[in-house]
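Protein chains: 2
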Amino acid sequence: MIVTFITSNKHKIKEAEKIFQKFDIELKHANPGYPELQGTLEEVARFGAKHVVKKLNKPVIVEDAGLFIRALNWFPGTYSSYVQDTIGNAGILKLMENVTDRYAEFRSVIGYSAPNSEPKIFLGKVPGHISTEEKGNQGFAFDSLFYPKDSDKTFGELGLNEKNKFSHRQKSLEQFANWLISENSK
Amino acid sequence: MIVTFITSNKHKIKEAEKIFQKFDIELKHANPGYPELQGTLEEVARFGAKHVVKKLNKPVIVEDAGLFIRALNWFPGTYSSYVQDTIGNAGILKLMENVTDRYAEFRSVIGYSAPNSEPKIFLGKVPGHISTEEKGNQGFAFDSLFYPKDSDKTFGELGLNEKNKFSHRQKSLEQFANWLISENSK
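Just so you know, the protein sequences line up as chains E and F, in that order.
Residue numbers are given in this note's numbering: position 183 of the first sequence equals residue 839, and the series is strictly consecutive.
Residue numbers are given in this note's numbering: position 102 of the second sequence equals residue 758, and the series is strictly consecutive.
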């Protein structure tokens, strides 16, 4: 089986390649771009996958991810990268000052679409909590604010291999791969 | 001339009707919905207008608006309604605690599209500043945090008629109407 991953992010491709090898799925890569909707991660991924499959006429996946903070009504969510680029980590820490409930999760959604079929959605989550200050500089974006559950280090303090053990993207990619394999053995 | 305003917001339609009467433009109204992109107000309006004109095959306008705060790198911008629904006015005030530069503007963008032509964009702005506490309950969303320039009342304290004198939407609608009239007299 061959699937084309639509992304401009080389790090995501590497992560996916590693996982798909185990499943005997061949990963290709393309970057034609697609319109990103306002809405939930699921809506963004569904719309994106649908758009790209019409263009390329072969099976594709797109991925969308974000940080969801419970005490902030799950802000910044889908708009995590915009929020990172504007108010940044300092803004999140300010919003979380004196907030007791620090629960948060990273979520990743894979949208898969093949010609002439409806898109399918796969969700991966990592539960955790928001720190009271930035910790570590190994990650990017909100990594230095996020302690995954049962870890005494933030994503920003963990090396890539350690971080990947918890990765929300790993979970969504594995879910997708499992589903694809089982579909194809029917 | 007839133009169809694509919106689910009755308040916006009333505002537009009032303005267009002066210009002898007949306003119709429809609400087929359209995909809202992530991006600038201009990108959202352009994509929306293009999408709807293909469906309806007649001249249409869509509108997108937001609050842009300079000290927050123009956050919340395009995502104003999402930010209002999650962190709300309390979140904005917290982010602006101890911030000296309180400059902000409301922006409105009209996207106009007619069959077989590229969309046109019209921008209206109101400059002003962010209050240090909520004031007034006549408006909605961020109105009670925003003092338009040269006013000692927030949008939340001003009645609708007074508020409309400053309105960013009024400005973008008037720009559009002026342009349409001049195009049609060529």
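Beta carbons are placed, not taken as given, at the ideal position from N, Cα and C, and that holds for glycine.
The structure presented is a predicted model; accordingly, all values stated were derived computationally and were not measured.
For the alpha helix (DSSP H) that contains residue i, what are its first and last residues?
| i | result |
| --- | --- |
| ALA705 (chain E) | 697 to 712 |
| VAL739 (chain F) | 736 to 742 |
| ALA833 (chain F) | 824 to 840 |
Can you tell me the Cα-Cα spacing of residue i and residue j, whole angstroms?
| i | j | result |
| --- | --- | --- |
| GLY815 (chain E) | ALA686 (chain E) | 27 Å |
| ASP720 (chain E) | LEU801 (chain E) | 20 Å |
| THR788 (chain F) | ILE725 (chain F) | 14 Å |
| ILE766 (chain E) | THR734 (chain E) | 13 Å |
| ASN729 (chain F) | LYS670 (chain E) | 32 Å |
| GLY704 (chain F) | HIS707 (chain E) | 15 Å |
| THR742 (chain E) | PRO715 (chain F) | 36 Å |
| ASN744 (chain E) | ALA797 (chain E) | A small correction: the amino acid at residue 744 (chain E) is Gly; Asn does not occupy that position in the sequence shown. If I take the Cα positions, the gap works out to 8 Å. |
| ASN713 (chain F) | GLY695 (chain E) | 26 Å |
| LYS711 (chain F) | GLY689 (chain E) | 23 Å |
| VAL718 (chain E) | ALA701 (chain F) | 24 Å |
| VAL782 (chain F) | GLU699 (chain E) | 33 Å |
| ILE786 (chain F) | LEU683 (chain E) | 50 Å |
| GLY784 (chain E) | GLU753 (chain F) | 27 Å |
| VAL755 (chain E) | TYR759 (chain F) | 27 Å |
| PRO691 (chain E) | ILE777 (chain E) | 17 Å |
| PRO771 (chain E) | VAL659 (chain E) | 12 Å |
What three-state label does DSSP hand residue i in the structure shown?
| i | result |
| --- | --- |
| PHE798 (chain E) | helix |
| ILE669 (chain F) | helix |
| ALA721 (chain E) | strand |
| ARG758 (chain E) | coil |
| LEU728 (chain E) | helix |
| LEU733 (chain E) | In the sequence on display, residue 733 (chain E) carries Gly and not Leu. The answer is helix: DSSP assigns GLY733 (chain E) an H, G or I state. |
| GLY747 (chain E) | helix |
Any beta-carbon of chain F closer than 8 Å to the one on residue i?
| i | result |
| --- | --- |
| ILE743 (chain E) | yes |
| GLN740 (chain E) | no |
| LEU697 (chain E) | no |
| GLU692 (chain E) | yes |
| LYS710 (chain E) | no |
| ASN729 (chain E) | yes |
| LEU801 (chain E) | no |
| GLY689 (chain E) | no |
| LYS706 (chain E) | no |
Got a sec: is the Cβ-Cβ distance from residue i to anything in chain E below 8 Å?
| i | result |
| --- | --- |
| HIS703 (chain F) | A quick correction: the sequence has Phe, not His, at residue 703 (chain F). With 8 Å as the cut-off, PHE703 (chain F) counts as an interface residue toward chain E. |
| LYS620 (chain F) | Any answer about residue 620 (chain F) is impossible in this case: the structure gives chain F only from 657 up to 842. |
| TRP835 (chain F) | no |
| LYS684 (chain F) | no |
| GLY722 (chain F) | no |
| LEU829 (chain F) | no |
For residue i, go through chain C and note every residue whose CB falls closer than 9 Å to its CB, in chain order.
| i | result |
| --- | --- |
| LYS668 (chain E) | Any reference to chain C falls outside this structure, whose protein chains are E and F. |
Terminal residues of the continuous beta strand (DSSP E) containing residue i?
| i | result |
| --- | --- |
| PHE811 (chain F) | Segment: none, PHE811 (chain F) is in no beta strand (DSSP E) and carries neither H nor E. |
| ILE658 (chain E) | 658 to 662 |
| ILE843 (chain F) | Here chain F comprises residues numbered 657 to 842, so residue 843 (chain F) is not present and cannot be evaluated. |
| GLU682 (chain E) | 682 to 686 |
Would you check if the segment 774 to 794 of chain F and the segment 802 to 811 of chain F touch, i.e. whether three or more CB-CB distances between them fall below 8 Å?
Touching, yes.
The segment 743 to 758 of chain F in contact with the segment 663 to 678 of chain F per 3-pair CB rule at 8 Å:
With a cut-off of 8 Å, the segment 663 to 678 of chain F and the segment 743 to 758 of chain F do not count as touching, because too few Cβ pairs lie within range.
Touching by the beta-carbon criterion (3+ pairs, under 8 Å), the segment 818 to 831 of chain E and the segment 749 to 766 of chain E
Yes, the segment 818 to 831 of chain E touches the segment 749 to 766 of chain E.
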